[in-house]
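Below you'll find the structure, written out as structure tokens, and then a few comments.
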Amino acid sequence: MIRRSSATFIALVLTLVIITLVSLRSDHVPGRASVSMVEDRITRVQHGSKKTPAKANIVKENVAEPVKAKNEAQADLDIGGPSIMAKMGNETLKAELGRASWKLFHTIMAQYPETPTKQEQTTLKNYIYLFSQVYPCGECAEHFQKLLAKFPPQVSSRNTASQWACYVHNQVNERLGKEIFDCNNVGEHYKCGCAEDEEGGEKKEEDSDIMEPMEDDFTFGLNLDDKE
13 MIRRSSATFI ALVLTLVIIT LVSLRSDHVP GRASVSMVED RITRVQHGSK KTPAKANIVK
73 ENVAEPVKAK NEAQADLDIG GPSIMAKMGN ETLKAELGRA SWKLFHTIMA QYPETPTKQE
133 QTTLKNYIYL FSQVYPCGEC AEHFQKLLAK FPPQVSSRNT ASQWACYVHN QVNERLGKEI
193 FDCNNVGEHY KCGCAEDEEG GEKKEEDSDI MEPMEDDFTF GLNLDDKE
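Using our numbering, you'd call the opening residue of the sequence shown number 13 and step up by one each time.
Right under this line is the structure:
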């Protein structure tokens, strides 16, 4: 009887040992802990736990901001700023540069569309401000920027832009003691060279070499230095 009880006790102990070993081995199965953590997180999300954001929020946080439309992105372009050029000490080169620059400036206005779109207006306005930053004569550019601050570019039409450029140019004339130009004639003085202006749409040959500097009694150095 005692032997039978001892055998039963030993069998019970062995059974408990086996169960314990199986349990410990299950806890150390690779990946099981990770699975439990994931299952626990899903459970908390389903029950609206505040500790873990909902799945929709997680996705939203990982999505990049949408790319702006082309025009909107261009509108964010910072075109303001001072001149980035050094001073130009050579007065002869400064005068030559000014004559060529005014010629280009007024010809651009003469070629500008008669009824420009909003984008075309923005393009010309940006060009004028950028021109004032990269003009090769630093001190001249600074004075030109002062004029732009006082008389902002007017670009609503070809005539308006041409008259504005002529008016600004006359501000320089007045400062330097030069003759004031009649802006009513600026269109004739600076022809756009458009195809419709030529007979039969053909270009006329110029007598002078295209690379030869042109003398112009209205173009002069963009030298806005005070003479006080």
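Glycine included, every Cβ here is placed at the ideal spot set by N, Cα and C.
Please read all numbers here as calculations on a predicted model, not as lab measurements.
Can you find a heavy atom of the ligand PLP that lies under 8 Å from the Cβ of A107? The ligand PLP is absent from the structure shown, which contains no ligand whatsoever.
Q. Who are the near neighbours of F163 in its chain, counting only those whose CB is closer than 8 Å to its CB and skipping five residues on each side?
A. Here residue 163 refers to the residue found at position 151 when the sequence shown is read from its first residue. Once the five neighbours on either side are set aside, the close Cβ partners of F163 are W176, Y179, V180 and Q183.
Between E200 and R170, is the Cβ-Cβ spacing less than 9 Å?
Numbered from its first residue, the sequence shown carries residue 200 at position 188. Numbered from its first residue, the sequence shown carries residue 170 at position 158. No.
Confirm, please, whether the CB-CB distance from L160 to Y141 is below 9 Å. Here residue 141 refers to the residue found at position 129 when the sequence shown is read from its first residue. Here residue 160 refers to the residue found at position 148 when the sequence shown is read from its first residue. Cβ distance < 9 Å, so Y141 and L160 count as in contact.
*I think A153 touches M121, with their Cβ atoms under 8 Å apart; what is that distance to the nearest whole Å?*
The residue labelled residue 153 in the question sits at position 141 within the sequence shown. The residue labelled residue 121 in the question sits at position 109 within the sequence shown. Contact flag wrong, Cβ pair sits at about 19 Å.
Handout entry: Buried/exposed call for Q131, threshold 16 Cβ in 10 Å
Key = Along the sequence shown, read from residue 1 onward, the residue named residue 131 stands at position 119. Its Cβ having fewer than 16 others within 10 Å, Q131 is exposed.
Handout entry: Where V180 sits in the DSSP three-state scheme
Key = Indexing the sequence shown from 1 puts residue 180 at position 168. If DSSP states are grouped into helix, strand and coil, V180 belongs with the helices.
task = Report the rounded CA-to-CA distance for A107 versus S113, giving the unit in angstroms.
result = Translated into the one-based positions of the sequence shown, residue 107 becomes position 95. Translated into the one-based positions of the sequence shown, residue 113 becomes position 101. Spanning the two alpha carbons is a distance of roughly 10 Å.
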